[in-house]
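Residue numbers (this note's numbering), protein chains in the order written: chain Y, 2 to 118; chain S, 123 to 263. Glycine included, every Cβ here is placed at the ideal spot set by N, Cα and C. What follows is one structure encoded as structure tokens, with my remarks underneath.
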Amino acid sequence: MKISTLKELLDAQVLTCEENMGKHVYSACGCDLMSDVLAYVKDQAVLLTGLVNPQVIRTAEMMDMICVVFVRSKMPSEEMIRLAEESGIVIMLSNKRLYEACGILYSNGLVGNKVKP
Amino acid sequence: MNDELVFHFDVDGEDFTSAGQASVMVKKNLRRLGLSPEIIRRVSIAMYEGEINMVIHAGGGVADVKVMEDRIEIVLTDHGPGISNIDMAMQEGFSTATDTIRTLGFGAGMGLPNMKRYSDTMDIKSTVGVGTTITMTVNIQ
Ligand SMILES: Nc1ncnc2c1ncn2[C@@H]1O[C@H](COP(=O)(O)OP(=O)(O)O)[C@@H](O)[C@H]1O
Ligand SMILES: [Mg+2]
Chain Y
2 MKISTLKELL DAQVLTCEEN MGKHVYSACG CDLMSDVLAY VKDQAVLLTG
52 LVNPQVIRTA EMMDMICVVF VRSKMPSEEM IRLAEESGIV IMLSNKRLYE
102 ACGILYSNGL VGNKVKP
Chain S
123 MNDELVFHFD VDGEDFTSAG QASVMVKKNL RRLGLSPEII RRVSIAMYEG
173 EINMVIHAGG GVADVKVMED RIEIVLTDHG PGISNIDMAM QEGFSTATDT
223 IRTLGFGAGM GLPNMKRYSD TMDIKSTVGV GTTITMTVNI Q
């Protein structure tokens, strides 16, 4: 799925790295606990979360993720925007809740496990 | 790679928002060196977990990363409270983190086990009341 499709499905607003909207992603993970992301994520390129602090962006960077979706329209700080810009990570804001946002993406073919064509 | 390459960072223990800065820097530098993404990811995650631990459990410390011909060595040193029972601390799910730390997304007790999993060797030296030094290496095959 293209990141631009993800934006449409989640009716999201893009805050950083608009130039990466054409990149393809194959799996995602929804999580508020960065400890779990660090321990269990494999090749998921998208992180959906309700947690908003700079560690979310750094965790995504460590895991080579390229898109972070903040649910319930939580606004990231300027520092987070800067970190994401530096790392090429697309930040999106969706007013959907975590469960709903994950469900929409999942039912449109963005799975939880690594599946690459 | 001909010469040994070293990085040194002070890890601020007062400011949770800046935790992980050193790991991000190291990751960017390792990318520039053209190491394999798998190696870079293992080093990054192991170091990031260790760096976060220094901030949330030990009031900060220093991080030294050495890139050698055959391996990368990460040394994390702090003068925090130390770890009284290392075997227990190494268990998945064991954590003394506060609720505040949990609301920030950490404190699941997976950090040390994760560091062990992503590194090829890991050594913890800790003295209660004095501090902790964790040395990890990741082999470059
Ligand atoms: N640098 C450190 N200084 C003192 N205690 C530490 C340090 N690193 C880890 N610990 C102890 O080991 C426990 C387990 O660490 P870890 O597996 O990273 O889990 P978490 O950080 O989620 O608590 C911590 O809760 C803490 O009690
Ligand atoms: Mg930890």
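Note on geometry: alpha-carbon atoms of S:I162 and S:N207 lie some 30 angstroms from one another. Each residue's CA atom was taken as its position, placing Y:V38 and S:V250 some 30 angstroms apart. The residues A144 and A185, in chain order, have a CB closer than 6 angstroms to that of S:F131 in the same chain once the five nearest residues on each side in sequence are set aside. Taking a beta-carbon distance threshold of 8 angstroms, S:P159 counts as an interface residue toward chain Y.
Shown here for Y:A61: same chain residues with a beta carbon closer than 6 angstroms to its own, the five before and five after excluded, namely L48, V69 and I90 in chain order. Shown here, S:N261 sits in a strand according to DSSP, grouped into three states.
With a cut-off of 8 angstroms on Cβ pairs, the stretch 222-235 of chain S is in contact with the stretch 162-182 of chain S, counting three or more such pairs. Look at the stretch 128-153 of chain S: the residues with a C-beta under 9 angstroms from a C-beta of chain Y are F138, T139, S140, A141, G142, Q143, S145, V146, K149 and K150. A straight line joining the alpha-carbon of S:G183 with that of S:S217 spans about 20 angstroms. Taking a beta-carbon distance threshold of 8 angstroms, Y:N96 does not count as an interface residue toward chain S.
Of all alpha-carbon atoms in S:E191, S:M210, S:K247 and S:K188, the one lying nearest the alpha-carbon of S:T199 is that of S:K247. Close to S:I256, with beta-carbon spacing below 9 angstroms, lies no residue of chain Y; the smallest spacing is near 16 angstroms. Taking the Cα of Y:R59 as reference, the smallest distance to any Cα among S:Q213, S:I167 and S:L157 is reached at S:I167. Within the DSSP bridge table, the entry for Y:Q14 names Y:L94 as partners. Each of Y:G23, Y:E101 and Y:V72 was checked against the Cα of Y:S95, and the nearest Cα belongs to Y:V72. Counting along the chain, S:H179 sits inside no beta strand (DSSP E); it lies in the alpha helix (DSSP H) bounded by residues P159 to A180.
For Y:C30, the enclosing beta strand (DSSP E) stretches over residues A29 to G31. The alpha-carbon of Y:H25 is positioned some 37 angstroms away from that of S:E126.
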